[in-house]
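Heads up: the structure comes next, in structure tokens.
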Amino acid sequence: ENKEDGEKVVTVNVSGKLFQTHVKTLRKVPNTYLSDLVQPGGELLDKGHVFVDRNPSAFAMVLAYYRTDVLVRPPIIPEELWAEELQFYRIANPFEVHFRPEDIREGYIKAGMPPEPGWRQTVWLFFEDPASSLIAGVHSFFGIFIILVAVASFITETHPTFRLDISREWFGYTTENVRNFFRMLELFIVVYFTIELLGRLCSTTLWRSFFFQIPNVIDLIAVLPFYVGLMVGSSVGQGFLVVRIFRLVRIFRIIGLVFKLGKSSAGAKVLGKTLLHSLRELMILGVLFVMAIIVCSSLMFYCETPDLGSLSDSEFDSVVSGMYWSVITVTTVGYGDRTPLTDCGEAVACFAAIVGIFAIALPLSVITTKFQDCYKDAMTQMKMEEDRRKYLQSKREIGGMRGLRYLGNMLAESALNTPFNKVLRTFGGGKRDVKDMAVEEILKVAKQVFDETDTDSSGGIDPRELQMCMKKMGYEINQETCEYMFDVIDTDGNGTLDWDEFQSFVRMFLRGDLPTEEEILKKSLQNSASRAGIASMENSHSSVLLTNIP
């Protein structure tokens, strides 16, 4: 009979467009929307036709997937709409990220995280993964704030009031007081960056290649010049060479701080990646630029200085002096601080402006294309990171909700197993269940469990006691799960559960007010979409299938 059903031809009406195929074709991909319709008792199998209010072009590719096992997005359908269509038909999106704990852990280990739990792994996660804990996230924002303060301090120190021996006073503070404040601030910032660098160096497993990675080189540049400056300042004599070295060190310090700030900027990372991927185009741009400068400055010199044996009134007295004008004109800026005096020179100026369009604009178009590709990749990475954070949050919430449901079920089962209820089930034919019981019966058992869990007789349950209670019931929970369960039950947020809060939870469970796993996933998806402000520029549809959550 199943074989005969497989040969049956069915019709799918997709927004007025008819599609026909065999039942066996739709059964090739099980656990999907169309395959469920052709199962025994399914609407499409029984009636032979069904109406689907979806995009016909998308359905054509979906049906082709059932036939060829190859899934291709129609060019006329944007990626976010295509993702919604696949979600409706319950087909896994090949471009969708499926996170598993072992995959995340493996990626961390490849990035340098110690595989064994301990202080090194904790320190590595603290510095490298802001999403690993609340304190790590706070440290990440604090690090960016420190960098901004360091850059602002460096810029302020260059003001003549603080750079020169000028005496002023602000609200009782003299210039010398402000200079001392800058010195203390600089010392604090350098010590902070040094501790961060040493912490990351001590915690990583890739310490041999640590300083060969560009981000770590930037961190080193941000702190090393300070110690070089100390050595230079403590050396005997303050000769011209020492002063030049000290100034060079200061330059490298601000460069290191600016690049360190760029490490926290997605735009700066995209720009750096674009430059690395556009080295050939940049070389072409550089060659054309140099050629244009030399040609235009040479032509301008010979036009403005026809008599090489005498000085002319023109500002272009050599090819070298004409190069500055050539750079400004070829880049289509044209300050006008140097202007030609002859008709020939004006013609060369026009020629230089036209040459700049071809010498610079054409290679830049290629670099712009590379930038767009790198930007798209960066947005994809940001979407993956947001999906990973959403996964970790959903995993924590689902684990905690399972713990709450298990606790509620165990309380109900304990109430059913009282001697009185056992007698009722015996003489009542075994039909008595939780729905038949009064709330007061379950609350009475819950009160006994609450008193037994409160081992220190403090009138409240702390997280450690809740973990012990769940363990006695045969349900092990970790720290994150326990914290989530407390977030739900502990309504006043004082860190302990009193009897009123505990019985409120029991009543909530009995009313069926605890959210389901599907509701948690949907809420997490909505929160992720609202948090991904930058990713929304790409209109990326964030959807992660969270399966096999332990």
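In my numbering, the protein residues as written are 355 to 904. Ideal Cβ positions, reconstructed from N, Cα and C, are used throughout, including at glycine.
Assuming S991 contacts L380 (C-beta within less than 8 angstroms), just tell me the rounded distance between them.
A query on residue 991 cannot be resolved here, the shown segment of the chain reaching from 355 to 904 and no further.
Candidates F373, T723, F564 and L539, of which the one nearest L551 by Cα:
The residue with the shortest Cα to Cα distance from L551 is F564.
Tell me which residues share the same chain as W436 and place their Cβ nearer than 7 angstroms to its Cβ, disregarding the 5 neighbours each side in the sequence.
By the criterion of a C-beta distance shorter than 7 angstroms, W436 is surrounded in its chain by A412 and R427, once the five residues flanking it on both sides are discounted.
What residue range does the alpha helix (DSSP H) around V392 cover?
That residue, V392, is in no alpha helix (DSSP H); it is neither H nor E in DSSP.
Buried versus exposed, by CB contacts within 10 Å (16 or more), K737:
By the 10 Å Cβ count, K737 comes out buried.
Endpoints, alpha helix (DSSP H) assigned at F481
F481 -> alpha helix (DSSP H) spans W473 to E482.
Give me the Cβ distance between D816 and T850, rounded to the nearest whole Å; I'm assuming they're in contact under 8 angstroms.
Right, their Cβ atoms sit about 5 angstroms apart.
Alpha-carbon to alpha-carbon, M862 and M791:
Confidence at M791 is low in this model, with a pLDDT of 49, below 50, so the placement of that residue should be treated as unreliable; the coordinate-derived value is given next. One C-alpha to the other measures close to 15 angstroms.
With a CB to CB cut of under 6 angstroms and the five nearest residues on each side skipped, what residues in its chain are close to R554?
Around R554: F481.
Less than 7 angstroms between the beta carbons of G676 and M654, yes or no?
In this structure, G676 lies near M654, with their beta-carbon atoms less than 7 angstroms apart.
Taking Cβ positions, are Q373 and V366 nearer each other than 7 angstroms?
The identity of residue 373 in the sequence shown is Phe, whereas the question assumes Gln. Yes, the pair counts as a contact, with Cβ atoms nearer than the cut-off.
Identity of the residue in L629, W561 and F643 nearest Y678 by Cα
Residue F643 is the option with its Cα nearest to Y678.
Whose C-alpha, out of T422, N848, W853 and Y581, is nearest the C-alpha of K801?
For the residues T422, N848, W853 and Y581, the minimum Cα distance to K801 belongs to W853.
Status (buried if at least 16 other CB within 10 Å, exposed otherwise) for I543:
By the neighbour-count criterion, in which a residue is buried when 16 or more other Cβ atoms sit within 10 angstroms of its Cβ, I543 is buried.
I believe C704 touches C657 by the beta-carbon criterion, under 8 angstroms. Please report the beta-carbon distance rounded to the nearest angstrom.
Contact between C704 and C657 does not hold, since their C-beta atoms are separated by about 12 angstroms, which reaches or exceeds 8 angstroms.
Counterpart residues of W524 in DSSP-defined beta bridges:
Looking at the DSSP assignment, W524 forms a beta bridge with Y527.
Nearest neighbour of Y419, chosen from D731, T386 and V649 [CA to CA]:
Across the set D731, T386 and V649, the C-alpha of T386 shows the shortest separation from the C-alpha of Y419.
Under DSSP, the alpha helix (DSSP H) around T422 begins and ends at which residues?
For T422, the enclosing alpha helix (DSSP H) covers residues P410 to T422.
Using a Cβ-Cβ cutoff of less than 7 angstroms, which residues in the same chain neighbour I648 once the five nearest sequence positions on both sides are dropped?
None.
Three-pair Cβ contact test at 8 angstroms for the segment 528-546 versus the segment 497-505:
Under the 8 angstroms Cβ criterion, the segment 528-546 counts as touching the segment 497-505, having at least three qualifying pairs.
So V577 packs on T548, CB below 8 angstroms; how close in whole Å?
Right, their Cβ atoms sit about 5 angstroms apart.
Going by DSSP, what residues sit across from N385 in a beta bridge?
When DSSP reads this structure, N385 sits in no beta bridge, so it has no partner.
Which whole-angstrom value is the C-beta distance of V684 and A706, which I expect to be below 8 angstroms?
Indeed they touch by this definition, with Cβ atoms about 5 angstroms apart.
Using C-beta distances below 8 angstroms, list every residue in its chain close to E523, excluding the 5 sequence neighbours before and after it, in chain order.
Counting only Cβ-Cβ distances below 8 angstroms, and skipping sequence neighbours, we find T529.
Give the DSSP-derived three-state secondary structure of N534 in the structure shown.
N534 falls in the helix class under three-state DSSP.
For F535, which residues in the same chain have their Cβ closer than 7 angstroms to its Cβ, ignoring the five residues on either side in sequence?
There are no such residues.
Strand pairing of T375, partner residues [DSSP]
Residue pairing of T375 in beta bridges, as defined by DSSP: V364.
Proximity of T628 and F725 at Cβ, strictly below 7 angstroms
A contact, by the Cβ cut-off of 7 angstroms.
Would you grab the beta carbon distance between G402 and H376 for me? Rounded to a whole angstrom, and I think it's under 8 angstroms.
Not confirmed; about 12 angstroms, so no contact.
Apply the 10 Å Cβ neighbour rule to M538 and answer buried if 16 or more other Cβ atoms are within range, or exposed otherwise.
Around the CB of M538, fewer than 16 other CB atoms lie within 10 Å, so the residue is classed as exposed.
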